[in-house]
Structure formats: structure tokens, C-alpha cells
Amino acid sequence: MFNEVKKTIQWGEEELTLESGKVARQADGTVIATLGETSVMANVTYARQQKPGQDFFPLTVHYQEKYYAAGKVPGGFFKREARPTEKETLTARLIDRPIRPLFAPGFKNEVLVMCTVLSHDLVNDPDVVAMIAASAALTISGVPFMGPIACARVGYEDGEYILNPTVDDMHKLRENPDQRLDLVVAGTKDAVMMVESEAYELTEDEMLGAVSFAHEQIQPVIDLIIDLAEECAKEPFDFQAPDYSDLFEAVKAAGETAMKEAYAITDKQERVAAVAAAKEAIKESLTEEQLEDANLSAALKKLESTVLRGTVVKEGKRIDGRALDEVRPIECETGFLPRTHGSALFTRGETQGLVVTTLGTGDDEQMIDALTGTYKSNFLLHYNFPPYSVGEVGRVGSPGRREIGHGKLAWRALQAVLPAATDFPYTIRVVSEITESNGSSSMASVCGGSLSMMDAGVPLKSAVAGVAMGLVLEDDGEFAILTDILGDEDHLGDMDFKVAGTEKGITSLQMDIKVQGITPEIMKKALAQAKQGRLHILGEMNKSLSGAGEFSAHAPRIETMQVPTDKIREVIGSGGKVIREIVEVSGAKVDINDDGIIKIASPNGDAIKKAYDMIHSIVAEPEEGVIYKGTVVKVVDFGAFVNFFGKRDGLVHVSQIENRRLNHPSDVLKEGQEVYVKLLGFDDRGKVRLAMKMVDQETGEEIAPETKEG
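Residue numbering for the sequence shown follows this note's numbering, starting at 1281 and increasing by one per position.
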């Protein structure tokens, strides 16, 4: 019934298996990839005809994590997987980025790639497995895909690169000083296609070494996919790239001069208008048949690309007249908003980000429900890209894949320099509002986020800056690397290479390639040029930091204290009664975790002290010989019981009340009276012994014993 094909290799410490032919047989290509006990099914389907008028490649990639894969039931009311989580969205983008450039040029039929996590062993991350499964499914589907690709994750510990580190190793790297890298690399047999990383100030050479290591390690996986395809690949789809060379020559003859003049305009809005006018002029000179040609938009784009790329490579001249390694003018301003905890306005050329930092308490931490378990995050970064930032109208809704991806890139870049939670017990939320965009708003978010947090008084280890690099690679091998690319250079170039970091090293690297990979030589030069750009931007940022660093008067103050774990129950009380009373009486927020770390938060310092004293009185032990202020709670024939330390009472024997004989303790004491007592010690049964007679009841000072005259 089944024509099952199964291939297995030993990959690192785990077995990697690819199998096809048993499940989802009506899809064009289906592969289940298994690493260890993590299994992901990838299904590929594609349309046999292009939609009329289609002028872009409609590739859709979905990645779904099923909670049953880890033996879990989804949280929430409906108990069903709903909208994609951040991890699912980011992984879908991760898969999309390296496979998109590898479809045959001119192929515009709809393609759907669906990756579903079927089993998760909580050791091997399914994102790498999903990309391998997707590549294999595309390779056997018959779609014109010029792969295969493979993917690997790389860690870096004690100077050694680690292939496919475990989920636990990569979780919360900021709290694991031994692990300095979480790098995902995808590539073909010959070249790297995509890089995504979170790093902790690695040098350029260390990062390049990690990328090279990953590319070496994916070679057996590529061979495995080819081995699978040789047995079960479907017949290739009969696709011939359209030949529109005659149309392109007509377009070029009609508008090359006007297009060059348009791209010589430095102002973005004026340039956009001039390019649009040049296109309209070209169309007016074409025949009816040429205007109806489905390849007209491709021919126009090719003309734009030819004009821009030729000028860059041959003349070393960019759209706005800058040198290849020159960064646009930068303006930084901190304290831009009056009531926020921290804010910064970062402007680089025609790209601008208004970035705001808010400091919260433990109650504001984000709860994340993942396949690997539930955990909290105290650093949030949200990126918003409204239509007005590029002078357009459009619908405004919930964050899209692009906004989530750009926000995560900035998050990765900045979290490497955050202080430890024990040193700075705040939840940090950074929001980047992109108010203008013409080239790498994600890197503007990194720069603005660093400035904004410093303005809020967050003790970052150092400032972080980011820069976007571009590449123009010609067929003859000539290339030019561009620093701080414009939107058009990104759109019409061959690479988007974003590098963020401090003066010491790289904290995040993201690379997307539109051609079939780049060489180590190009990557090494790009990293070196990016370092120059990053250091220049850091220098400009430092000029605006003179007034930053003061803690906002509007931010909550947080004090931490550690209590023994066996005292946690006493602080919380039955049903939370004690901790609620502390909050109500003091006016401060109190948060306690399972390790006995208590965070007390309030804008009012007196409220924090009140809560601290109340908690301290519960968990601390009274010390022998110390004088305490207490309240008489009961008077009896043989003395008085005094509440002197939290809820602890002790007995003042009648002989210890005054330095004279009393008929009855009630002669000098009554219930509710405040007195000073000295803790003499504890009797054989652990009962507290207190005394009043050696303490001045007016001042609370101990009375010096009288010296005998000799």
C-alpha cells in the first residue's frame, strides 16, 4: 500500500532520519524529518498555473507547533492551538528566507510549505528539523527548486563550536555565561544562504568561524536529502523561465536615461516620484502588445536594478552620492518625552525611530507557554512600522510577521548587554515606533533601544549599535559591499546583512541572500566593513549620553531581599492573608518567588521600607542582648507578656520590670502600653526571657550598671 523510503545518518550526537511515502501522499512532496525524538512533517503543494497578472512569487510558509508533540494541553479557555506564537512566526520566517531565492527565476506559481511539529523530545529544537524537512519536501516535489539546502544550529563554549546544542543549553543565554552563541545557518552545497544569531560580544573572526563550521556540518544532511530524492523524487515540473529580453531592450531604450536621472536624486520622496514618472514615460512609448505583456513589471524592475547596480559596481557611486562605506548623518536625542521612564529619538538619514523604555515590576513579566514548558521573560521589545513611516496609506492591524521578526532581531542584539535580574530587578519593555523609514529600521531600533534604556537608568554593560550592509554581486564575480543601505539598495541588491554589537564584539547577526549564496571572502569583508560602521555609529550615540542615566522619578523603585525558603509560607500566610496585609498596610507591591527572593516595588520609598520591615519582622530571628520596642499584650500575676518582634511574644517576669519590689505588675503596666525590653535569652523550653529594668523607658537606651565605691 505504501511506497515508503527512509534514509538515516548519524549527525552529531543524534540520528537524523528522513522518510517519505507513507503519510500525506496527496501532497506534492511530504517528508518527516526526525532528529533524536523530535519529528517534523513538511508538506509542499504548488499550483500548476500562474494566476493571470501575477507579478510576484506567492510563496507561503507555515510552521505549527502542536502541543501534543510534547505531551501538553494548550493553555487558555479554548484548549486549542490558535493564532501563531512568536516562536512559530519566527520559525516560519527562518524557513522562508533561505528557500525563497532558490526557486527558478520567473516562477510565480503559488507554493505552500507547511511544517508541523509532531513530536518534541525537549532536547532538539524543532526549528532546524523543520527547515531540513521543508528542503527535502521541496526537493522531491518536482517544483523548480534549485536546492536542496540544509540547516544547523551552532553554540560556542570555551572556545569550541558545538553542533546542535540542546534546547536547555540555548534557553536564556543571558543567564548562562558559558554559552556565548545561538547561531542558525542555512546553506546549499556551495554557499551560505541565511544566518540568524544571538551572540555575546563575539569577535568578527569568531562569528565567521561559527558560520563556516555550520556550513561544513550541513554537508552530510544535503547528501542525505539528495539520496532520498534519488529514490522518491517526482518528475520535475515543466517550467521554462519566460524570455522577455526583447521587451527589456525596448524598456531600456525608452527609459534608461530617465531612470538614471531619477536615481541620481538623493531625497527619497522626490526620487520615488521621479522613478514613477520615468516608468509612466516608458509605458507611453510601448506598443499595446508590450503593455499587455505579463513580464512588463519584471522588465521595469530589471531596468531599475541594472541602473542602480551598474553605477555602484563600476563607478563606486551610490544613489545618495555616498561612498560605499559611508554612514548617513546621525542625530541622537535622549529624554525626548517628559513622562516616560526613558526615551530616545534616533535618526539616521531618512530612517528614524522613536524608542521608549518602560520599567515594570515582576507582575509585568511576560508569561510564555512553550512546548518546552512555561517560563517568564523580563525583557520585552516591540517594534511598530506604521504606513506613514514610508509616506503611504494602509490598514493598521495586529503586528505582522515582519514586525515580529524585526522586533526579535533588535531584542537579540540588546539582551546581551542587559544587567542580571539580581542586580536590576525590573521588567524592561522597549517599544520602537518607526516614524520614518528608508533603510534598516530594525538597526535604528537597536540604536534607539540602547539609548532609551540608558536614559531610563538601566545599567547596560555597554551601548549597542547596529548597521545594515548590502551587496551588489555581478555575474562576472565583481562585487561591492555597501554600508548603511537605503531601502532601494536593499530592494534591488543581493544581500541584507545586519550586524549589531558593542565596541567589544557582535551581539546579533542576521543575513539574507537573494542570490545563490555568498563566499567566505565576501562575508569576511562585509563583517570588517560593518565593524567600522558600527564603531562610527557608537561614537555618534555616545555624544548624546551625557545627560542620560538618571533614574526616572516616574519609574517604580524596587528593593530585593532574600528570605530562607522555609520562611516563604510564613510571609505568604494562609490563603495569602499575610502578604495581602503587608501590601495593604505598606502600599507597596510585593512579589515572592520559589527561591525566596522578594521584590518590593513602589514609587514611594517609605512604602518600600514599611513592607521591608514587616517582612523582616516575620522572617528574622530575635538576637540575644538586643533592645526592642514592644507592646504589652497581657498582664498576669507573675509578669507581663510583650509583643516585641513581629508576631513573637516574650515574658517580662515581675522581678525584671523595675529595680524595686512590685505588689503586682499592673502597678506600672497595662495592656497596649509601649515599652522597651532587652532580650535576655531563652529558657530550657525555648521560651523568650525579656527584661525592662536595665532599659531607660524614655530613650530606649541601656542603663549603665552603677559602679561600687571602694
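Glycine residues also receive a C-beta, built at the ideal position from the N, C-alpha and C atoms.
Inset, instruction - Indicate the three-state DSSP secondary structure (helix, strand or coil) for valine 1711 in the structure shown. - result: The residue given as residue 1711 occupies position 431 in the sequence shown. Three-state result, valine 1711: strand.
Inset, instruction - Decide if glutamate 1982 is buried, meaning its Cβ has at least 16 other Cβ atoms within 10 Å, or exposed. - result: Walking along the sequence shown from the start, residue 1982 turns up at place 702. Result: exposed.
Legend entry - Contact belief for methionine 1411 with isoleucine 1375 at Cβ below 8 Å, rounded distance in angstroms: Against the sequence shown, residue 1411 aligns to sequence position 131. Against the sequence shown, residue 1375 aligns to sequence position 95. That pair is a contact at about 5 Å.
Inset, instruction - Quick one: using the 10 Å Cβ neighbour count with 16 as the cut-off for buried, is glutamine 1344 buried or exposed? - result: The count along the sequence shown starts at 1 and reaches residue 1344 at position 64. Glutamine 1344 should be labelled buried.
Legend entry - Cβ shell of leucine 1617 (< 7 Å), same chain only, five flanking positions each side left out: In the sequence shown, counting from the first residue as 1, residue 1617 sits at position 337. Once the five neighbours on either side are set aside, the close Cβ partners of leucine 1617 are Ser1623 and Val1636.
Legend entry - Nearest to glycine 1674 (by Cα), restricted to the options Glu1568, Pro1666 and Asp1768: What you label residue 1674 is simply residue 394 of the sequence shown in a count that begins at 1. Of the listed residues, the one whose Cα sits closest to glycine 1674 is Pro1666.
Legend entry - Stretch pair the stretch 1803-1811 + the stretch 1828-1844: three plus CB contacts closer than 8 Å: no
Legend entry - First through last residue of the alpha helix (DSSP H) which encompasses asparagine 1822: Here residue 1822 is taken as the residue at index 542 of the sequence shown, counted from 1. That run of the alpha helix (DSSP H) goes 1800-1822.
Inset, instruction - Look up serine 1720 in the DSSP assignment and say whether it is helix, strand or coil. - result: For the purposes of this step, residue 1720 is taken as residue 440 along the sequence shown, with counting starting at 1. Coil.
Legend entry - Where serine 1730 falls: helix, strand or coil (DSSP): Translated into positions along the sequence shown, residue 1730 becomes position 450. In the structure shown, serine 1730 sits in a helix (DSSP, three-state: H, G or I).
Legend entry - Segment contact flag, the stretch 1480-1496 with the stretch 1462-1472, C-beta cutoff 8 Å, min 3 pairs: Look at the beta carbons and you see the stretch 1480-1496 touching the stretch 1462-1472: at least three pairs across the two are nearer than 8 Å.
Legend entry - For arginine 1454, the three-state DSSP class (helix, strand or coil): Here residue 1454 refers to the residue found at position 174 when the sequence shown is read from its first residue. Looking at arginine 1454 - three-state DSSP - the assignment turns out to be helix.
Inset, instruction - Mark threonine 1419 as exposed unless 16 or more other C-beta atoms lie within 10 angstroms of its C-beta, in which case mark it buried. - result: If you number the sequence shown from 1, residue 1419 lands on position 139. Per the 10 Å Cβ criterion, buried.
Inset, instruction - Measuring alpha carbon to alpha carbon, tell me which of Gly1719, Ala1780, Trp1291 and Met1775 ends up nearest glycine 1629. - result: Taking the sequence shown and counting its residues from 1, the one referred to as residue 1629 is at position 349. The residue with the shortest Cα to Cα distance from glycine 1629 is Gly1719.
Legend entry - Complete runs of the beta strand (DSSP E) confined to the stretch 1903-1964 [at least 3 residues]: 1907-1916, 1919-1925, 1928-1933 and 1954-1962
Inset, instruction - Write down the C-beta distance between aspartate 1776 and alanine 1748 rounded to the nearest angstrom, noting that I regard them as a contact closer than 8 Å. - result: The residue you call residue 1776 lines up with position 496 of the sequence shown. The residue you call residue 1748 lines up with position 468 of the sequence shown. Contact holds; Cβ gap of about 7 Å.
Inset, instruction - Note down the Cα distance separating serine 1946 from aspartate 1917, rounded to an integer number of angstroms. - result: Residue mapping note: residue 1946 aligns to position 666 of the sequence shown, counting from 1. Residue mapping note: residue 1917 aligns to position 637 of the sequence shown, counting from 1. Cα to Cα, serine 1946 sits roughly 8 Å from aspartate 1917.
Legend entry - Cα-Cα separation between alanine 1544 and threonine 1591, rounded to whole angstroms: What you label residue 1544 is simply residue 264 of the sequence shown in a count that begins at 1. What you label residue 1591 is simply residue 311 of the sequence shown in a count that begins at 1. Cα to Cα, the separation comes out at about 10 Å.
Legend entry - Opposing strand residues paired with valine 1434 [DSSP bridges]: The residue given as residue 1434 occupies position 154 in the sequence shown. Answer is Leu1443 and Leu1463.
Legend entry - Residue environment, methionine 1803, which counts as buried when at least 16 other CB atoms sit within 10 Å: Locating residue 1803 in the sequence shown gives position 523, counting from the first residue. When all chains shown are included, methionine 1803 counts as buried.
Legend entry - Strand pairing of tyrosine 1663, partner residues [DSSP]: Taking the sequence shown and counting its residues from 1, one reaches residue 1663 at position 383. DSSP output for tyrosine 1663 lists Ser1712 as bridge partner(s).
Inset, instruction - Could you check if proline 1406 is buried or exposed, using at least 16 other CB atoms within 10 Å of its CB as the buried criterion? - result: For the purposes of this step, residue 1406 is taken as the residue at position 126 of the sequence shown. Flag for proline 1406 reads buried.
Legend entry - Exposure of valine 1353, with buried meaning 16 or more beta-carbon neighbours within 10 Å: Taking the first residue of the sequence shown as position 1, residue 1353 is located at position 73. It is exposed - the Cβ of valine 1353 has fewer than 16 other Cβ atoms within 10 Å.
Inset, instruction - Give a yes or no on contact between the stretch 1903-1912 and the stretch 1672-1688, applying the rule of three or more CB pairs nearer than 8 Å. - result: no
Legend entry - Between the CA atoms of leucine 1392 and alanine 1327 - distance to the nearest angstrom: As a position in the sequence shown, residue 1327 is number 47, starting the count at 1. As a position in the sequence shown, residue 1392 is number 112, starting the count at 1. Near 9 Å, if we compare the C-alpha coordinates of leucine 1392 and alanine 1327.
Legend entry - Alpha carbon of glutamate 1606 to alpha carbon of lysine 1778, nearest angstrom: The residue given as residue 1606 occupies position 326 in the sequence shown. The residue given as residue 1778 occupies position 498 in the sequence shown. Whole-angstrom Cα-Cα distance: 15 Å.
Legend entry - Closest residue to leucine 1296 among Arg1305, Ala1417 and Leu1315 (Cα-Cα distance): As a first step, residue 1296 must be located in the sequence shown, where it is residue number 16. Measuring from the Cα of leucine 1296, the nearest candidate turns out to be Leu1315.
Inset, instruction - Given a cut-off of 8 Å, decide if alanine 1490 and valine 1993 are closer than it, judged by their beta-carbon atoms. - result: With the chain running from 1281 to 1990 in the structure shown, residue 1993 is simply not present.
Legend entry - Contact between the stretch 1473-1485 and the stretch 1451-1462 (3+ Cβ pairs under 8 Å): Yes: the two stretches touch, three or more of their Cβ pairs being nearer than 8 Å.
Legend entry - Proximal residues to proline 1883 (C-beta, below 6 Å), its chain only, five neighbours per side dropped: To locate residue 1883, count along the sequence shown from 1; it is residue 603. Same-chain partners within the cutoff: Pro1836.
Inset, instruction - Report the option in Glu1294, Glu1293 and Ile1312 whose CA atom is closest to the CA atom of lysine 1302. - result: Position 22 of the sequence shown, counted from the start, is the residue given in the question as residue 1302. Per the Cα distances, Ile1312.
Inset, instruction - Apply the 10 Å Cβ neighbour rule to lysine 1927 and answer buried if 16 or more other Cβ atoms are within range, or exposed otherwise. - result: Here residue 1927 is taken as the residue at index 647 of the sequence shown, counted from 1. By the neighbour-count rule (16 or more Cβ atoms within 10 Å), lysine 1927 is not buried but exposed.
Inset, instruction - Mind the definition here: the stretch 1890-1905 touches the stretch 1947-1962 only if three or more C-beta pairs lie below 8 Å; say whether that holds. - result: yes
Inset, instruction - Measure from the alpha carbon of alanine 1417 to the alpha carbon of each residue in Val1320, Gly1856 and Pro1500, then state which is nearest. - result: By 1-based counting over the sequence shown, the position of residue 1417 is 137. For the residues Val1320, Gly1856 and Pro1500, the minimum Cα distance to alanine 1417 belongs to Val1320.
Legend entry - Chain-order list of residues whose beta-carbon lies under 7 Å from that of phenylalanine 1387 (same chain, five-residue window excluded): One-based indexing of the sequence shown puts residue 1387 at position 107. Contacts found: Phe1337, Pro1424 and Phe1519.
Legend entry - methionine 1775, DSSP secondary structure in three states: For the purposes of this step, residue 1775 is taken as the residue at position 495 of the sequence shown. Three-state DSSP puts methionine 1775 in a strand.
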